[in-house]
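Our numbering applies: residue 766 is where the sequence shown begins, and numbers increase by one.
For every residue, glycine included, the Cβ atom is placed at its ideal position computed from N, Cα and C.
Accompanying notes for the structure given below.
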Amino acid sequence: MKTIEDGQLVLIIWRGRRYLKRIALDQSFHGKGGMLRYSELVGKPYGIRINEYDIFEPTIEDIVMYGLKRETQIVFPKESFYIAFRLSLKKGSRVLEVGTGSGANTFILSHAVGPEGRVVSYEQEERHFRNAKRNIERFCEWDNVELHNEEFTGYNGEEFDAAFIDVREPWAILDKVRDAVKRSAPIGMILPTANQVSDVLKTLEENGYGDTEVLEILMRKYKTVSERVRPTDRMIAHTGYLVFTRKLDITSPSSGA
Ligand SMILES: C[S@@+](CC[C@H](N)C(=O)[O-])C[C@H]1O[C@@H](n2cnc3c(N)ncnc32)[C@H](O)[C@@H]1O
């Protein structure tokens, strides 16, 4: 049975409000449900109720939503988990990311490729790079993320299995991203406006890409009262459009290449 120890993360829920905290023996949590000494939790299992607080082991989603410090718009879990799936990431994959931002999507990519995988991520703004680095150091389970504080202008190392772009003008760097990935590799993008989608499609139509798809993910949550099951009154109506494409060489390579 896994028990709560000094330095570990806990998710504290009080009447639906969630707090992600790291246990420090000499500190306490002060919330509307009263004070909770972290030393009281040490040695106890996760999944317990103490006073008015429910204590859980944080999920990956909890860490993204309540742990990472946000200094930019982030890719939310409803998209990032699907992105990792669509990029076909698995243990040992190598993935390129342009636009680290706060590192929320980087965190999911890191988790998807596992300890033998590699995430190489570019962020041009120093303050965002610093914040993302801190988030990655605090929360990533494995040392598999390589952060670059520079504008992405291309990559000369080993080709990537997949790539993801979250920048305002992806069409400006698409050819460089395409050069950095293996033939047939999936390339994903997230874009907040339809105008951007239209602009990126113009680039994708030129050549060198195939199997292009545009989609969005809507998530409607439900109230959990058994006698009155119905959607919650409010929902997040829009986060971004997802564009997926794949590297395609129109001139066929000689057989075996
Ligand atoms: C919306 S944020 C990315 C958020 C990130 N995906 C997350 O989940 O936290 C976009 C970031 O891309 C960075 N950026 C824009 N163009 C870039 C480029 N050409 N090279 C590297 N970083 C770039 C911006 O500075 C900004 O921090």
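With a 10 Å radius around its C-beta and 16 neighbouring C-beta atoms as the bar for buried, classify residue i as buried or exposed.
{"i": "D827", "result": "buried"}
{"i": "S991", "result": "exposed"}
{"i": "G922", "result": "exposed"}
{"i": "F850", "result": "exposed"}
{"i": "L874", "result": "buried"}
{"i": "H876", "result": "buried"}
{"i": "N870", "result": "buried"}
Between which residues of its own chain and residue i is the CB-CB distance below 8 Å, once the five residues before and five after are set aside?
{"i": "G919", "result": "K941, D944, A945"}
{"i": "K834", "result": "S867, N896, R899, N900"}
{"i": "Y831", "result": "L776, R783, Y784, L785, P823"}
What's the gap between the Cα of residue i and the Cα of residue j?
{"i": "R859", "j": "N816", "result": "46 Å"}
{"i": "F841", "j": "E890", "result": "21 Å"}
{"i": "L1013", "j": "N972", "result": "8 Å"}
{"i": "Y974", "j": "G808", "result": "54 Å"}
{"i": "K786", "j": "I955", "result": "30 Å"}
{"i": "L789", "j": "F1009", "result": "Reading off the sequence, residue 789 comes out as Ala, not Leu. Using only the alpha carbons, I get a separation of about 43 Å."}
{"i": "G882", "j": "K797", "result": "42 Å"}
{"i": "I938", "j": "L801", "result": "50 Å"}
{"i": "F794", "j": "V965", "result": "47 Å"}
{"i": "P996", "j": "V962", "result": "30 Å"}
{"i": "E770", "j": "L806", "result": "8 Å"}
{"i": "L912", "j": "A927", "result": "17 Å"}
{"i": "T1016", "j": "S949", "result": "13 Å"}
{"i": "E915", "j": "I930", "result": "15 Å"}
{"i": "W907", "j": "H893", "result": "21 Å"}
{"i": "V979", "j": "L1007", "result": "6 Å"}
{"i": "L852", "j": "F904", "result": "22 Å"}
Once DSSP output is grouped into helix, strand and coil, what is the label at residue i?
{"i": "V910", "result": "strand"}
{"i": "K767", "result": "coil"}
{"i": "K843", "result": "helix"}
{"i": "H795", "result": "strand"}
{"i": "Y920", "result": "coil"}
{"i": "E805", "result": "helix"}
{"i": "K856", "result": "coil"}
{"i": "D827", "result": "helix"}
{"i": "I848", "result": "helix"}
{"i": "I813", "result": "strand"}
{"i": "I778", "result": "strand"}
{"i": "E902", "result": "helix"}
{"i": "R895", "result": "helix"}
Got a sec? Which residues, its chain only, sit under 6 Å from residue i by beta carbon, not counting five neighbours each side?
{"i": "M1000", "result": "R985"}
{"i": "I778", "result": "D819"}
{"i": "G857", "result": "E881, G882"}
{"i": "D976", "result": "R1011"}
{"i": "S845", "result": "N870, I873"}
At the 8 Å Cβ level, is residue i part of the contact set with chain D, yes or no?
{"i": "Y784", "result": "Among the protein chains of the structure shown there is no chain D, as only one such chain exists."}
Give every residue of the same chain whose Cβ lies closer than 7 Å to the Cβ of residue i, excluding the five residues on either side of it in the sequence, and list them in chain order.
{"i": "P957", "result": "G1005"}
{"i": "E924", "result": "A945, V946, K947"}
Of all the alpha helix (DSSP H) runs that stay within the bounds of the segment 864–892, which reach a length of 4 or more residues? 869–878
Inside the segment 921–1005 only - alpha helix (DSSP H) runs reaching at least 4 residues: 939–945, 959–971
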